[in-house]
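In the numbering used here, the protein residues as written are -8 to 207. Glycine included, C-beta positions come from ideal geometry on N, C-alpha and C. Worksheet for the structure shown next.
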């Protein structure tokens, strides 16, 4: 009831807050990247629906991995514009949500745009990590590697960050499936190691994935 009365007072006194001049096609964009894609471009589109020009004062992102820029500084009435973004993928994997803040001279509150990007793994490890309990028999344990459909990666070697751990690579199906066998030096005391598996895709890119072993 109070909210309705407040609205009526604002309407009668002519003090309703102005509507935002920029009308956005969408404020959220989602993408899934392709294997070995270096960057993802995204474009947010808007229209200045007001009868006055709007100046973009700043376009900021919450990550160095994301560049964002307006296609011009001032947008005349009824004109259209874009905020163009470039997300650098690099070695990133998984789901990333990055925000862009657009500040204009027509609104004290910045517009927040969301870019959601899924970077799929090229190789699925099961499990990512193996473990031995203290005083458990130090038998070999294995990690399965499966290359995602549509891709071939030849794995040729494995390196351990802890030379006391043993690791050997087994080819199940060349370019598609592998198994890495891991073995600790003993289990009398805690120990850990990271195992880097080196491979090369049929398209020429180098690939490295990691598995982990722990005595705890």
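List the whole-angstrom C-beta distance separating residue i from residue j, where the pair is believed to meet the contact cut-off of C-beta under 8 Å.
| i | j | result |
| --- | --- | --- |
| residue 74 | residue 104 | 7 Å |
| residue 142 | residue 169 | No, residue 142 and residue 169 are not in contact; Cβ-Cβ is about 13 Å, not under 8 Å. |
| residue 113 | residue 91 | Between residue 91 and residue 113 the Cβ distance is about 28 Å, and since that is not below 8 Å, they are no contact. |
| residue 20 | residue 106 | 6 Å |
| residue 93 | residue 102 | 4 Å |
| residue 68 | residue 96 | Incorrect: roughly 14 Å between the Cβ atoms, too far for contact. |
| residue 150 | residue 191 | Incorrect: roughly 15 Å between the Cβ atoms, too far for contact. |
| residue 57 | residue 78 | 5 Å |
| residue 61 | residue 47 | 4 Å |
| residue 206 | residue 182 | 4 Å |
| residue 98 | residue 11 | 6 Å |
Among the residues of its own chain, which have a CB less than 6 Å from the CB of residue i, if the five just before and after it don't count?
| i | result |
| --- | --- |
| residue 15 | 37 |
| residue 34 | 73 and 75 |
| residue 117 | 135 |
| residue 148 | 189 |
| residue 133 | 170 and 172 |
| residue 87 | 108 |
Residues in the same chain with beta-carbon distance under 7 Å from residue i, minus the five sequence neighbours each way, listed in chain order, please.
| i | result |
| --- | --- |
| residue 63 | 72 |
| residue 70 | 39 |
| residue 185 | 152, 201 and 203 |
| residue 196 | 27 |
Output the boundary residues of the beta strand (DSSP E) element that contains residue i.
| i | result |
| --- | --- |
| residue 77 | 71 to 79 |
| residue 146 | 144 to 151 |
| residue 33 | 30 to 39 |
| residue 14 | 13 to 15 |
| residue 155 | Residue 155 -> no beta strand (DSSP E), and no H or E assigned at all. |
| residue 128 | Note, residue 128: premise wrong, no beta strand (DSSP E); not H, not E. |
| residue 19 | 19 to 23 |
Contact between the region 123 to 137 and the region 170 to 182: three or more CB pairs below 8 Å?
-> yes
Continuous beta strand (DSSP E) assignments of at least 3 residues falling wholly in the region 161 to 203 | 168 to 174 and 182 to 192
In the region 52 to 121, which residue ranges form an unbroken beta strand (DSSP E) of at least 3 residues, counting only runs that do not cross its ends?
-> 57 to 61, 71 to 79, 85 to 95, 98 to 110 and 114 to 117
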